[in-house]
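K.L.:
Just so you know, we're using the numbering used here here: the sequence shown kicks off at 248 and counts up by one.
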Amino acid sequence: MDLRNLRHLVALSRRLSFSRAADDLGLSQSALTRSIQSLERQAGMRLFDRGRGGVSLTSQGHVVVERANALLTQADDFERQLRHTARGEEGRVSFGMAPLPAWTLLPTLLSESLQAFPALTNEVVVRNVEALWPLLLAGDIEFFVSAEGQAPDAPRVRAETLGHFPVTLIVRAAHPLLKEDCPDQEFPVLLSSRATANMAIFDNLRKWAAGPPHVVEDYATLVMLTKSTDAIWVSSAYSVARDLEAKRLHALDRLGTGTPQSFRMVIYSLDRRSQSPGMLRVKQAFRQQIQGLRNALSTSSSGTR
Numbered sequence: 248m249d250l251r252n253l254r255h256l257v258a259l260s261r262r263l264s265f266s267r268a269a270d271d272l273g274l275s276q277s278a279l280t281r282s283i284q285s286l287e288r289q290a291g292m293r294l295f296d297r298g299r300g301g302v303s304l305t306s307q308g309h310v311v312v313e314r315a316n317a318l319l320t321q322a323d324d325f326e327r328q329l330r331h332t333a334r335g336e337e338g339r340v341s342f343g344m345a346p347l348p349a350w351t352l353l354p355t356l357l358s359e360s361l362q363a364f365p366a367l368t369n370e371v372v373v374r375n376v377e378a379l380w381p382l383l384l385a386g387d388i389e390f391f392v393s394a395e396g397q398a399p400d401a402p403r404v405r406a407e408t409l410g411h412f413p414v415t416l417i418v419r420a421a422h423p424l425l426k427e428d429c430p431d432q433e434f435p436v437l438l439s440s441r442a443t444a445n446m447a448i449f450d451n452l453r454k455w456a457a458g459p460p461h462v463v464e465d466y467a468t469l470v471m472l473t474k475s476t477d478a479i480w481v482s483s484a485y486s487v488a489r490d491l492e493a494k495r496l497h498a499l500d501r502l503g504t505g506t507p508q509s510f511r512m513v514i515y516s517l518d519r520r521s522q523s524p525g526m527l528r529v530k531q532a533f534r535q536q537i538q539g540l541r542n543a544l545s546t547s548s549s550g551t552r
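(1) Per DSSP, what kind of secondary structure is residue 338 in: helix, strand or coil?
(2) Roughly how many angstroms separate the alpha carbons of residue 349 and residue 401, rounded to a whole number?
(3) Using 8 Å as the threshold, is the C-beta distance between residue 371 and residue 398 below it?
(4) Can you name, in chain order, every residue of its own chain whose Cβ lies under 6 Å from the Cβ of residue 539, other than the five neighbours on each side?
(5) What is the rounded straight-line gap between the Cα of residue 527 and the Cα of residue 263?
(6) Give the DSSP-derived three-state secondary structure of residue 368 in the structure shown.
(7) Quick check on residue 544: buried or exposed, where buried means 16 or more other Cβ atoms within 10 Å of its Cβ?
(8) Look up residue 282 in the DSSP assignment and say whether it is helix, strand or coil.
(9) Can you tell me where the alpha helix (DSSP H) with residue 269 in it begins and where it stops?
(10) Pull up the DSSP beta-bridge partners for residue 514, would you.
(11) Assign residue 351 to buried or exposed, taking buried as 16 or more other Cβ atoms, counted over all protein chains shown, within 10 Å of its Cβ.
(12) Tell me which residues share the same chain as residue 302 and place their Cβ nearer than 6 Å to its Cβ, disregarding the 5 neighbours each side in the sequence.
(13) Counting pairs of Cβ atoms below 8 Å between the segment 354-361 and the segment 306-323, do you hit three or more?
(14) Near residue 315, which residues of its chain fall below 7 Å by C-beta distance, leaving aside the five closest residues on each side in sequence?
(15) Taking only the alpha-carbon atoms, compute the straight-line gap between residue 383 and residue 489 and give it to the nearest angstrom.
(16) With DSSP as the reference, identify every bridge partner of residue 440, one or two as the case may be.
(17) Quick one, are the C-beta atoms of residue 533 and residue 414 less than 8 Å apart?
(18) Looking at the structure shown, is residue 360 part of a helix, part of a strand, or coil, going by DSSP?
(19) Apply the 10 Å Cβ neighbour rule to residue 473 and answer buried if 16 or more other Cβ atoms are within range, or exposed otherwise.
(20) Could you tell me the alpha carbon to alpha carbon distance between residue 304 and residue 338, rounded to whole angstroms?
(21) Could you check where the beta strand (DSSP E) with residue 481 kicks off and where it finishes?
Rendered as structure tokens:
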């Protein structure tokens, strides 16, 4: 017994006419007759009574048609779910993100996903790379996103570039270092991870730094501290694009190296594991976001010259 026979059964039960049901199905009347006869043989019971005035459902036929309708509805739902899952629109996608890309990219991704794909469940872990790495190897997450150079080299891991983030020194509005005649003084330095301390741009800060840098992984706290103190935050303009545009925060140019610095944002996954449609959709969305941030930042920079 297959779904095709059940569809023939339901069509005939609605029309109670072999000729009209056959027309609806695009079959010949003889082909429909053979299909119903085959179904009755398999069921071991008569489902329709035939007469000169047409056909009618038997009492057993009524029960079978009701069950057939339920099965066909489930089958149609299953086929729809398969199509949506294949496009990454249903199911579950589990992944991790380091604090910087999570703060910068995750809100837009989830906002769009919740509206466009309500049947897709997102399970997101936001932690540092040291915590994300074992989750990836254990299969608890399918992939994670972080800046390059933080994950250990391993032959089992695939690393794909999502885009490049500029390295930016960020300060509050009216910060002393924004003035041309800034006196020699020291300022607190904020980092989101210890890996930032290895960047070349950090060397330019040493004469301005008031002691060792403060490492804070929470970006909401970093934004608050930068806005309310004289701290210098080593981050990326992408992470505070709206605050920079509104001039609540400023990018500091005077301590630059002369050559713009950037780092790769990378998506890490297990090399031999097939990438799910959900992962492919997230990867494409992040790349589009990064390109959009790059375009917006370039436009903003051009407009202030």
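All C-beta atoms in this analysis are idealised placements derived from N, C-alpha and C, irrespective of residue type, glycine included.
P.N.:
With the structure as the only source:
(1) strand
(2) Going from the Cα of residue 349 to the Cα of residue 401 covers about 24 Å.
(3) no
(4) none
(5) 49 Å
(6) strand
(7) buried
(8) helix
(9) 265-272
(10) Beta-bridge partners of residue 514 (DSSP): 392 and 407.
(11) buried
(12) 263 and 295
(13) no
(14) 253, 256 and 257
(15) Whole-angstrom Cα-Cα distance: 32 Å.
(16) Bridge partners of residue 440: none, in fact.
(17) no
(18) helix
(19) buried
(20) 40 Å
(21) 479-482
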